[in-house]
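Have a look at the structure below, then the notes.
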């Protein structure tokens, strides 16, 4: 048998022309930029049969998760399903790696959307695939981090706090500095939410003075946001506003849409506390628009109530009434208040009479905030 | 020694990382070739073909999140090399195209990661020499 004949018999992948990351990124852009209906079968074949492009698609999805979790969850699950149907893709461990990475991205995005059961399932899938790759350490550590954020979301702060130091150490050993910083931030957040505010403040102050954080604009923005929040909590309101203002461009530039919306609301509260009510109104409106764009209707309703209080303070009662009337249907539909909460009837009636009941409004706003 | 296939070597818009990947692969290619030909008993032309696949794999491997520098990723390159070679030879021996001897049989029974560890020691020696020659 001739030499080449023997080589051809080995059941290996067809070798494609290698694409540079820039070239692969262009195809990935075209793929992710097209809606489901615009995506031709040819584009789908080109993109999801080429390991370089799959790698680029996954990198782009990873970067988009904070800003567009719904889109990312849908795309990552789609990539996973297409790849799961393939017998092979790329060489050696690559199919397992791509399956694991797409499942991890899907799980992380679903967690951001609050779909925790689904998120857990996708993290299980990620772990199952990553176990078969040649260097599973970094990938499995990333899955562990995603699981700890789920504990955090579920309020299991003690469990997260007990596991975080070990994971942070793993990231340090793997030279994954960004992930190690994220662990330290999550630890501070767990402390903050466990009412251990002094410890949380100390952790956040250490983080913000770490030179490594300077190149992580999104994470730095989140640290500043929470330092401002803690300053407000401790009654140092004047210190909060400059921290928030430093955080805003950092979060905007790193595409952290939810955090940006949240921060605009906090800036509004800080401005209002500072007596700058007109500016606070503008900030609340900006936050409402951001939440609406993200489809986060309960946050929109809550902030409409907050906004209406500021509008009343400016004697812009008619505008306040519009905001209340726009918020009430969501508050009822989403069951944001206990059944038969009397203040709702009082507020609706007072608005109808064009004499908004400030006490009822405050009572509802406080209750909605607690249940949020 | 060079990666011979034009489609593999010609990259437009190479990033610094991609350039480093190529450099590290070229540096390790001699050792890879020895592993494939002298240890796994592959023919020269077969080894050359597998080296192209290995390069494509290593290029993408270095782009994965959490992968250290291409130089630090070389032990994984050797694991992949031994895995590729074992699968190739097992296929040829299994289909009767190639005869096996005791030495090859023993090698094919060993875990590729184990065999790669032996080669990693050569890599360390190579690095030591390069550092001291520089």
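Residue numbers (this note's numbering), protein chains in the order written: chain W, 746 to 1117; chain A, 4 to 137. Cβ coordinates follow ideal geometry from the N, Cα and C atoms, glycine included. From a predicted model like this one, the values you see are computed outputs, not experimental measurements.
What are the boundary residues of the alpha helix (DSSP H) that includes residue i?
{"i": "residue 813 (chain W)", "result": "No alpha helix (DSSP H) contains residue 813 (chain W), which DSSP labels as neither H nor E."}
{"i": "residue 97 (chain A)", "result": "77-97"}
{"i": "residue 1057 (chain W)", "result": "1042-1058"}
{"i": "residue 1080 (chain W)", "result": "From DSSP, residue 1080 (chain W) is part of no alpha helix (DSSP H); its letter is neither H nor E."}
{"i": "residue 898 (chain W)", "result": "881-898"}
{"i": "residue 878 (chain W)", "result": "First-last for residue 878 (chain W): undefined, no H or E at that position."}
{"i": "residue 29 (chain A)", "result": "19-37"}
{"i": "residue 100 (chain A)", "result": "It is not in any alpha helix (DSSP H) - residue 100 (chain A) carries neither H nor E in the DSSP assignment."}
{"i": "residue 928 (chain W)", "result": "922-938"}
{"i": "residue 1061 (chain W)", "result": "Here residue 1061 (chain W) belongs to no alpha helix (DSSP H), and DSSP marks it neither H nor E."}
{"i": "residue 918 (chain W)", "result": "902-918"}
{"i": "residue 1007 (chain W)", "result": "1002-1018"}
{"i": "residue 46 (chain A)", "result": "Where residue 46 (chain A) is concerned, there is no enclosing alpha helix (DSSP H), given that its DSSP letter is neither H nor E."}
{"i": "residue 794 (chain W)", "result": "Run containing residue 794 (chain W): none; DSSP gives neither H nor E here."}
{"i": "residue 837 (chain W)", "result": "Element bounds for residue 837 (chain W): n/a, residue is neither H nor E."}
{"i": "residue 1122 (chain W)", "result": "Since the displayed chain W opens at 746 and closes at 1117, residue 1122 (chain W) lies outside it and no answer follows."}
{"i": "residue 764 (chain W)", "result": "Note, residue 764 (chain W): premise wrong, no alpha helix (DSSP H); not H, not E."}
In chain order, what residues of the same chain lie with their CB nearer than 8 Å to the CB of residue i, ignoring the 5 residues before and after it?
{"i": "residue 982 (chain W)", "result": "976, 1015, 1018, 1019"}
{"i": "residue 1005 (chain W)", "result": "993, 996, 997, 1035"}
{"i": "residue 878 (chain W)", "result": "838, 841, 842, 845, 884"}
{"i": "residue 1029 (chain W)", "result": "1009, 1010, 1013, 1048, 1051, 1052, 1055"}
{"i": "residue 67 (chain A)", "result": "none"}
{"i": "residue 986 (chain W)", "result": "973, 1012, 1015, 1016, 1019"}
Going by C-alpha distance, which of the options is nearest residue i?
{"i": "residue 96 (chain A)", "options": "A:84, A:112, A:83", "result": "A:112"}
{"i": "residue 76 (chain A)", "options": "W:849, W:1042, W:883, W:1048", "result": "W:883"}
{"i": "residue 123 (chain A)", "options": "A:19, A:25, A:35", "result": "A:35"}
{"i": "residue 773 (chain W)", "options": "W:1086, W:798, W:1068", "result": "W:798"}
{"i": "residue 1056 (chain W)", "options": "W:933, W:1022, W:921", "result": "W:1022"}
{"i": "residue 887 (chain W)", "options": "A:70, A:88, A:23", "result": "A:70"}
{"i": "residue 1076 (chain W)", "options": "W:1067, W:1063, W:1095, W:1050", "result": "W:1050"}
{"i": "residue 867 (chain W)", "options": "W:881, W:879, W:889, W:880", "result": "W:889"}
{"i": "residue 27 (chain A)", "options": "A:106, A:44, A:58, A:46", "result": "A:58"}
{"i": "residue 103 (chain A)", "options": "A:45, A:78, A:23, A:25", "result": "A:45"}
{"i": "residue 41 (chain A)", "options": "A:25, A:24, A:92, A:100", "result": "A:92"}
{"i": "residue 29 (chain A)", "options": "A:68, A:48, A:67, A:74", "result": "A:74"}
{"i": "residue 1118 (chain W)", "options": "W:1063, W:825, W:1024, W:1111", "result": "This structure cannot speak to residue 1118 (chain W), because chain W is shown only from 746 to 1117."}
{"i": "residue 796 (chain W)", "options": "W:788, W:1108, W:763, W:923", "result": "W:763"}
{"i": "residue 960 (chain W)", "options": "W:1113, W:939, W:947, W:922", "result": "W:922"}
{"i": "residue 1001 (chain W)", "options": "W:813, W:785, W:781", "result": "W:813"}
{"i": "residue 114 (chain A)", "options": "A:88, A:31, A:98", "result": "A:88"}
{"i": "residue 974 (chain W)", "options": "W:945, W:1031, W:880", "result": "W:945"}
{"i": "residue 848 (chain W)", "options": "W:900, W:1091, W:819", "result": "W:819"}
{"i": "residue 1024 (chain W)", "options": "W:1058, W:991, W:1044, W:916", "result": "W:1058"}
{"i": "residue 897 (chain W)", "options": "W:931, W:990, W:1078, W:786", "result": "W:931"}
{"i": "residue 990 (chain W)", "options": "W:978, W:980, W:972, W:979", "result": "W:972"}
{"i": "residue 781 (chain W)", "options": "W:933, W:1092, W:824, W:924", "result": "W:824"}
{"i": "residue 1125 (chain W)", "options": "W:1033, W:793, W:984", "result": "Absent from the model: residue 1125 (chain W). The displayed extent of chain W is 746 to 1117, so no value can be given."}
I'd like the list of long-range same chain contacts for residue i, defined as Cβ closer than 7 Å, with 5 residues on each side in sequence excluded.
{"i": "residue 850 (chain W)", "result": "803, 806, 807, 810, 817, 821"}
{"i": "residue 865 (chain W)", "result": "895"}
{"i": "residue 941 (chain W)", "result": "none"}
{"i": "residue 60 (chain A)", "result": "83"}
{"i": "residue 766 (chain W)", "result": "801"}
{"i": "residue 858 (chain W)", "result": "814, 815, 818"}
{"i": "residue 1104 (chain W)", "result": "none"}
{"i": "residue 47 (chain A)", "result": "40"}
{"i": "residue 769 (chain W)", "result": "797, 798, 800, 801"}
{"i": "residue 1085 (chain W)", "result": "none"}
What does a CB cutoff of less than 6 Å around residue i pick up in its chain, not counting 5 residues either side in sequence?
{"i": "residue 754 (chain W)", "result": "Legend: pLDDT at residue 754 (chain W) = 40, less than 50; position of this residue unreliable, value from coordinates given subsequently. Closer than 6 Å at Cβ, skipping near neighbours: no residue."}
{"i": "residue 953 (chain W)", "result": "968"}
{"i": "residue 17 (chain A)", "result": "none"}
{"i": "residue 1046 (chain W)", "result": "1072, 1075, 1076"}
{"i": "residue 118 (chain A)", "result": "85"}
{"i": "residue 23 (chain A)", "result": "73"}
{"i": "residue 826 (chain W)", "result": "none"}
{"i": "residue 38 (chain A)", "result": "84, 122"}
{"i": "residue 939 (chain W)", "result": "902"}
Taking residue i and residue j to be in contact with their CB atoms under 8 Å, please state how far apart those CB atoms are, rounded to whole angstroms.
{"i": "residue 970 (chain W)", "j": "residue 1008 (chain W)", "result": "5 Å"}
{"i": "residue 855 (chain W)", "j": "residue 843 (chain W)", "result": "Not really, about 18 Å apart at Cβ, beyond 8 Å."}
{"i": "residue 875 (chain W)", "j": "residue 852 (chain W)", "result": "The pair is not a contact, with the Cβ atoms about 12 Å apart (cut-off 8 Å)."}
{"i": "residue 905 (chain W)", "j": "residue 893 (chain W)", "result": "5 Å"}
{"i": "residue 912 (chain W)", "j": "residue 928 (chain W)", "result": "6 Å"}
{"i": "residue 965 (chain W)", "j": "residue 1003 (chain W)", "result": "Contact flag wrong, Cβ pair sits at about 17 Å."}
{"i": "residue 1096 (chain W)", "j": "residue 1070 (chain W)", "result": "6 Å"}
{"i": "residue 1060 (chain W)", "j": "residue 999 (chain W)", "result": "Rounded, the Cβ-Cβ distance is 39 Å, inconsistent with contact."}
{"i": "residue 1066 (chain W)", "j": "residue 1101 (chain W)", "result": "6 Å"}
{"i": "residue 899 (chain W)", "j": "residue 870 (chain W)", "result": "Going by Cβ atoms, the distance from residue 899 (chain W) to residue 870 (chain W) rounds to 20 Å, so no, they are not a contact pair."}
Check your understanding: Curious, which full-length beta strand (DSSP E) runs of at least 3 residues does the stretch 952-997 of chain W contain?
Key -> none
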